[in-house]
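Colleague:
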Amino acid sequence: MPYYRRVGDIPRKRHTQFRQPDGSLYAEELMGIEGFSAESALLYHRNLPTAVVAAEAVPEHGRSTSPNLPLRPRHFRTGDLGFGGEGATDAVTGRRLLFSNADVAICFAVPETTSPLYRNATGDELCYVQTGSARVETVYGALEVSEGDYVVLPASTTHRVVPHGDEPPRLYLVEATGHIGPPKRYLSARGQFLEHAPYCERDLRGPTEPLLMEGTDVDVLVRHHDGLTRMTYAHHPFDVVGWDGCLYPWVFNIADFEPITGRIHQPPPVHQTFEGPNFVVCSFCPRKVDYHPEAVPVPYNHANVDSDELMFYVGGDYEARKGSGIGIGSLSLHPSGCTHGPQPGAVEAALGAERFDETAVMIDTFRPLRLGEAATACEDPSYARSWAGRGPLES
């Protein structure tokens, strides 16, 4: 993260003796990335964080994928995915795979129960809260999250998701194979947000106090490059009395993104919010639109020659997709190799508009996305021919 935080009790100097009330030493743990050469945090545990008493491989199902064949634009309705019922789900074991490639996996979950303790050792995770609310408990402390929140969880952060409220939250989950953060062009050489950035440090939330949970023989589900392992620790990992550093989980709400607009239509990079390994995440928010007297406010037809474009529609009325069947909770996939653009009639209908009331989360990947079982389960087959005004394409 671009700035330093300190939470709870820590010693004045790092890597020095820090004793508990009974005279024993707190156990220091460094959480760092890029081999001690980038951001890190120092955490102080009551017990050894290394005390593993058991480990077992856990089989995983539902992660197989299929190629986008035949190649075509696609529309998916996440509201059609079945969750809950007798087999109530959680945010970890109940997530369903929508898309993936070698760099990223994109899932959806509607958790009704508390997840197991979990950490992803393959990379950072980004969670977008479409609706509802939850408490994300982590080794650094807790985060209260609700509609519109992006939650960034650094790799190997032990955490669990505790849903609350009248309805289970709807979560859009991005599992990276590396690190997710603000675009480098928004940051100074020392990590401060620059004046042209569409959000800044004041918009971010992090843990404010330790959790200090107790327990013995505590299970943690670990995702790693070879699969899943359930590791059992002698003591609860949330026994941290304090920490400091620049690596920690944090939250940013999409409503705090300040749109960049111009006299003519601005390209998607002005909406960029995060970058990850071979992908970017953009936020399309309610905004004043192009104000040249002859401006065309909706996007021009374009071909993503180097990327697949995945758009998640989460609020408002998306002007360029009127008449396509897309609604709140829809995902559109416009892959490399296909030119795409506004639906028929959308250009003329948008002329003279002064404002768009739309909210969407876009992920552009630089390797093709494959379809997971959840995408196959909720696809609308008529979308690809919606520009031609015809029914479903023949496969």
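Note that the sequence shown ends on residue 395 in UniProt numbering; no numbers are left out.
Idealized CB from N, CA, C, for every residue including glycine.
#1: Since Val245 and Ala41 should fall inside the 8 Å C-beta cutoff, what is the C-beta to C-beta distance between them, to a whole number of angstroms?
#2: Mind checking which residues open and close the beta strand (DSSP E) that includes Thr131?
#3: From Gln20, Tyr291, Gln272 and Ala234, pick the residue whose C-alpha is nearest to that of Ala353; which is it?
#4: Between which two residues does the alpha helix (DSSP H) containing Thr376 stretch?
#5: Cβ of Leu212 within 8 Å of any heavy atom in the ligand GDP?
#6: From what residue to what residue does the beta strand (DSSP E) around Ala105 run?
#7: Quick check: the Cα distance between Val220 and Pro237, rounded to an integer number of angstroms?
#8: Alpha helix (DSSP H) containing Glu112: first to last residue?
#9: What would DSSP say about Glu201, mapped onto helix, strand or coil?
#10: Tell me the residue span of the beta strand (DSSP E) that contains Ala55.
#11: Please identify the residue among Ala189, Gly262, Ala295 and Leu228 whose C-alpha is closest to the C-alpha of Tyr3.
#12: Roughly how many angstroms lie between the CA atoms of Gly215 and His235, to the nearest whole one?
#13: Within the same chain, show all residues whose beta-carbon is closer than 6 Å to that of Ile106, passing over the 5 residues directly before and after it, in chain order.
#14: Please list, in chain order, all residues of the same chain as Val162 whose beta carbon is under 7 Å from its beta carbon, the five residues on each side excluded.
#15: Around the Cβ of Phe36, are there at least 16 other Cβ atoms within 10 angstroms (buried) or fewer (exposed)?
#16: Can you look up His15 in the DSSP assignment and give me helix, strand or coil?
#17: Go to Glu354, then tell me how far its beta strand (DSSP E) extends in each direction, as first and last residue.
#18: Leaving aside the five residues before and after Gly315 along the sequence, list all residues of the same chain whose C-beta is less than 6 Å from its C-beta, in chain order.
#19: Check whether the stretch 221-233 touches the stretch 46-66, counting contact only when three or more Cβ pairs, one atom from each stretch, lie closer than 8 Å.
#20: Tell me, to the nearest whole angstrom, how far the beta carbon of Leu247 is from that of Glu28; I am working on the premise that it is less than 8 Å.
#21: With a cut-off of 8 Å on the beta carbons, I'd call residue 397 and Asn301 a contact; round off their distance for me.
#22: Whose CA, out of Met31, His15, Gly32 and Glu34, lies closest to the CA of Leu25?
#23: Check whether the Cβ atoms of Asn68 and Leu369 lie closer than 9 Å to each other.
#24: Counting pairs of beta carbons, one from the stretch 249-268 and one from the stretch 188-207, are three or more of them closer than 8 Å?
#25: The beta strand (DSSP E) that contains Arg223, what's its start and end?
#26: Could you tell me the boundaries of the beta strand (DSSP E) in which Ser386 lies?
#27: Pairs of beta-carbons, one from the stretch 54-64 and one from the stretch 336-355, closer than 8 Å: are there three or more?
#28: Any idea what DSSP makes of Asp308, helix, strand or coil?
#29: Give the DSSP bridge partners of Tyr44, in chain order.
#30: When we look at the beta-carbon of Thr273 and count the other beta-carbons within 10 Å, is it buried (16 or more) or exposed?
#31: Who does Ser66 pair with in a DSSP beta bridge?
#32: By the 10 Å Cβ neighbour count, where 16 or more other Cβ atoms means buried, how is Pro293 classified, buried or exposed?
#33: Ala374: buried (16+ other C-beta within 10 angstroms of its C-beta) or exposed?
#34: Considering Thr89, what are the terminal residues of the beta strand (DSSP E) in which it resides?
Modeller: Answer, in terms of the structure:
#1: The question names Val, yet the displayed sequence has Gly at residue 245. Contact annotation, Gly245 with Ala41: C-beta distance approximately 3 Å; criterion of less than 8 Å satisfied.
#2: Counting along the chain, the beta strand (DSSP E) containing Thr131 begins and ends at Glu125 to Thr131.
#3: Of the listed residues, the one whose Cα sits closest to Ala353 is Tyr291.
#4: Unbroken alpha helix (DSSP H) run through Thr376: Glu373 to Ala377.
#5: Among the components modelled here there is no ligand, and therefore nothing to report on the ligand GDP.
#6: It spans Val104 to Ala109 - the beta strand (DSSP E) in which Ala105 sits, taken as one unbroken run.
#7: Spanning the two alpha carbons is a distance of roughly 9 Å.
#8: According to the DSSP assignment, Glu112 belongs to no alpha helix (DSSP H), since it is labelled neither H nor E.
#9: Taken through DSSP and simplified to helix, strand or coil, Glu201 comes out as helix.
#10: It spans Val52 to Val58 - the beta strand (DSSP E) in which Ala55 sits, taken as one unbroken run.
#11: Distances from the alpha-carbon of Tyr3 to those of Ala189, Gly262, Ala295 and Leu228 put Ala189 closest.
#12: Taking the straight line from one Cα to the other gives about 6 Å.
#13: By the criterion of a C-beta distance shorter than 6 Å, Ile106 is surrounded in its chain by Leu98, Phe99 and Val174, once the five residues flanking it on both sides are discounted.
#14: Here the set comprises Thr114, Ala134, Arg135 and Glu137.
#15: Taking a 10 Å sphere around the C-beta of Phe36, we find fewer than 16 other C-beta atoms and assign the residue as exposed.
#16: Residue state for His15 is assigned as coil, using DSSP reduced to three classes.
#17: It is not in any beta strand (DSSP E) - Glu354 carries neither H nor E in the DSSP assignment.
#18: Only Thr359 meet the Cβ criterion.
#19: The stretch 221-233 is in contact with the stretch 46-66.
#20: With a Cβ gap of about 15 Å, Leu247 and Glu28 do not count as contacting.
#21: This structure cannot settle anything about residue 397, because the visible part of the chain is limited to 1 through 395.
#22: Measuring from the Cα of Leu25, the nearest candidate turns out to be His15.
#23: It is a contact, given that the beta carbons lie within the stated cut-off.
#24: Segments in contact, yes.
#25: Note, Arg223: beta strand (DSSP E), Thr216 to His224.
#26: Here Ser386 belongs to no beta strand (DSSP E), and DSSP marks it neither H nor E.
#27: With a cut-off of 8 Å, the stretch 336-355 and the stretch 54-64 do not count as touching, because too few Cβ pairs lie within range.
#28: Judged by DSSP in its simplified three-state form, Asp308 adopts strand.
#29: According to DSSP, which records beta bridges pairwise, Tyr44 is partnered with Glu28 and Gly242.
#30: With a threshold of 16 other beta carbon atoms within 10 Å, Thr273 meets it and is buried.
#31: For Ser66, DSSP records a beta bridge to Leu371.
#32: The residue in question, Pro293, is exposed, as its Cβ has fewer than 16 Cβ neighbours within 10 Å.
#33: Label assigned to Ala374: buried.
#34: In this chain, Thr89 is not harboured by any beta strand (DSSP E), its DSSP state being neither H nor E.
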